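Chains as they are written, first to last, in the UniProt record's numbering: chain A, 1 to 150; chain B, 1 to 347.
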């Protein structure tokens with residue numbers, strides 16, 4: 001899978017999420033970074049669609065996290081925007097095991113990487129105007145290196 | 001009056017520990033403790049702190065509510081508690097406490113939906129809700145339009161946000177503008193000195209083919225962030241009041257237009273607006289203007305009762321008792337994603 005992506009429309013961000021979902025396995029951690037409006041929730045909506053979970057996948061900023069089920073794997077969608085700190089995803093008292101789920105954390109850069117041995121960092125960005133976004137996939141750990149190379 | 005049920009309500013779905021007492025549809029007391037200041041010290045919400053703060057505030061807040069109402073625990077006829085949606089750990093504290101009181105007092109327990117409670121609270125001030133009504137719930141976590149044929153057991157979702165909640169957009173724009181959290185009241189205040197027509201921000205999901213009752217505030221939030229960044233890059237000052245006013249206008253324009261359309265499409269002439277964003281002065285003014293023009297009776301709780309509180313839970317509990325709805329089982333649990341069409345957990 002390519003590491004650099006140009007995403008002209010929100011539909012392309014969604015499609016990248018669907019494609020990423022195909023690489024995911026139980027216990028995976030994805031950390032999404034990027035400014036307000038870079039497409040973090042849109043990408044997660046694509047991942048949810050790719051996993052086939054029950055939606056709607058919307059911004060979890062206020063509730064901190066949501067669990068979506070009934071797909072190939074449960075999707076734990078965390079938003080660290082309001083979080084002061086998080087030693088462990090279990091602190092969110094979610095009704096789900098992260099070992100059996102895919103955990104996607106928005107605004108988690110520098111805050112949650114220790115939650116798993118490996119993770120995939122997705123750096124999203126937007127230009128100064130227009131709909132176009134960019135995504136850069138940064139693997140952290142041998143399994144992610146392998147999966148992106150494959 | 002005293003033959004009407006006295007209901008003790010527990011609300012702990014997020015940062016506020018709210019305990020309310022309602023007799024029939026009369027508000028007796030509404031005690032509140034908040035952990036917002038503690039979270040501010042940590043620069044954000046810490047789930048463990050929210051749960052612990054609820055735990056520590058619980059019994060003193062119950063006692064304060066009883067004292068304010070001039071009643072004793074023995075007078076309580078039923079117990080109601082928010083079972084969801086909300087933060088699981090926070091909800092659990094309220095549910096456990098309510099179950100303990102219900103069991104100790106040998107009174108029925110009602111596990112209710114937080115969102116329906118935001119609608120029910122209006123009955124404390126404006127009397128029985130006309131049914132059917134259209135309800136619009138707008139807060140930090142929710143933006144929903146509901147058709148309410150019977151608040152005690154039939155609430156039908158018409159639409160909701162597909163990305164950010166309205167209150168969340170206020171919070172995020174406040175941060176972009178350097179205003180404090182929670183952003184709603186600060187944006188509202190800043191907007192009073194601004195010109196809502198000074199900047200044309202986008203109105204999400206308002207095209208011909210868009211879902212008529214769904215909302216989208218993500219694009220608006222991004223447009224505001226971009227506009228501010230462009231100003232800063234150019235080295236020009238950011239006119240905070242104008243940005244706040246133009247952003248706020250975009251939100252309330254869409255909210256009120258869709259609420260009025262829902263009323264018209266469903267032949268309903270009563271609209272009730274609840275949730276924290278319902279405290280916004282411009283939303284109240286524009287809703288009032290548009291409802292008057294469309295011949296719709298508008299009801300909004302006073303701002304104090306729009307945000308999370310225990311009285312709203314007691315109000316819905318009272319409504320359930322009077323409607324003869326079956327109470328919840330003692331095994332009631334917290335449901336962080338309780339669906340909006342489940343008014344209460346029966347059996």
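Every residue gets a Cβ at the ideal spot worked out from N, C-alpha and C, and that includes glycine.
Being a predicted model, the structure only gives us computed values, none of them experimental.
When B:280, B:143, B:315 are compared, the shortest CA-CA separation from residue 152 of chain B is found for B:315. In this structure residue 325 of chain B is not in contact with residue 113 of chain B, their Cβ atoms being roughly 12 Å apart against a cut-off of 8 Å.
Assignment of beta-bridge partners to residue 136 of chain B by DSSP yields B:145, B:273.
Rounded to the nearest angstrom, the Cβ distance from residue 49 of chain A to residue 101 of chain A is 16 Å, too far for a contact under 8 Å. About 5 Å separates the Cβ atoms of residue 274 of chain B and residue 119 of chain B, confirming a contact at the 8 Å cut-off. The beta carbon of residue 77 of chain A lies closer than 7 Å to those of 44, 57, 60, 65, 66, 68, 104 in the same chain, with the five residues before and after it left out. For the region 48–65 of chain A, the beta-carbon criterion of a distance under 8 Å to any beta-carbon of chain B is satisfied by 56, 58, 59, 61, 62, 63, 64. Scanning B:230, B:181, B:149, B:218 for the CA closest to the CA of residue 127 of chain A turns up B:230. For residue 218 of chain B, the nearest beta carbon of chain A is closer than 8 Å to its own beta carbon.
Ranked by Cα distance from residue 73 of chain B, the first of B:63, B:54, B:81 is B:63. The CB of residue 337 of chain B comes closer than 8 Å to the CB of 66, 67 in chain A, given here in chain order.
Residue 257 of chain B has its alpha-carbon roughly 19 Å from the corresponding atom of residue 156 of chain B. DSSP places residue 281 of chain B in the uninterrupted alpha helix (DSSP H) bounded by 281–294. Contact between the region 160–169 of chain B and the region 297–309 of chain B is absent: fewer than three C-beta pairs spanning the two stretches fall below 8 Å. The three-state secondary structure of residue 217 of chain B, taken from DSSP, is coil. The three-state reading of DSSP puts residue 84 of chain B in strand, counting E and B together. Chain-ordered, the chain B residues with CB closer than 9 Å to the CB of residue 92 of chain A read 47, 87, 88, 89. The Cβ atoms of residue 38 of chain B and residue 49 of chain B lie closer than 8 Å to each other.
Of the candidates B:127, B:143, B:207, B:143 places its Cα closest to the Cα of residue 161 of chain B. For the options A:99, A:83, A:62, A:81, the alpha carbon positioned closest to that of residue 75 of chain A is the one of A:99. Contact of residue 260 of chain B with chain A is not assigned, every C-beta pair being separated by 8 Å or more. Between residue 85 of chain B and residue 336 of chain B, the C-beta gap is smaller than 8 Å, which places the two residues in contact. For secondary structure counted as the alpha helix (DSSP H) over 4 or more consecutive residues, the region 47–112 of chain B holds these complete runs in sequence order: 47–69, 88–105.
Taking 9 Å as the upper bound on Cβ-Cβ separation, chain A lies near no residue of the region 303–316 of chain B. Note that the C-beta distance between residue 271 of chain B and residue 279 of chain B is not below 8 Å.
Closest option to residue 25 of chain B, judged by alpha-carbon separation, among B:5, B:69, B:206, B:291: B:5.
Per the C-alpha coordinates, the member of B:147, B:8, B:208 positioned closest to residue 136 of chain B is B:147.
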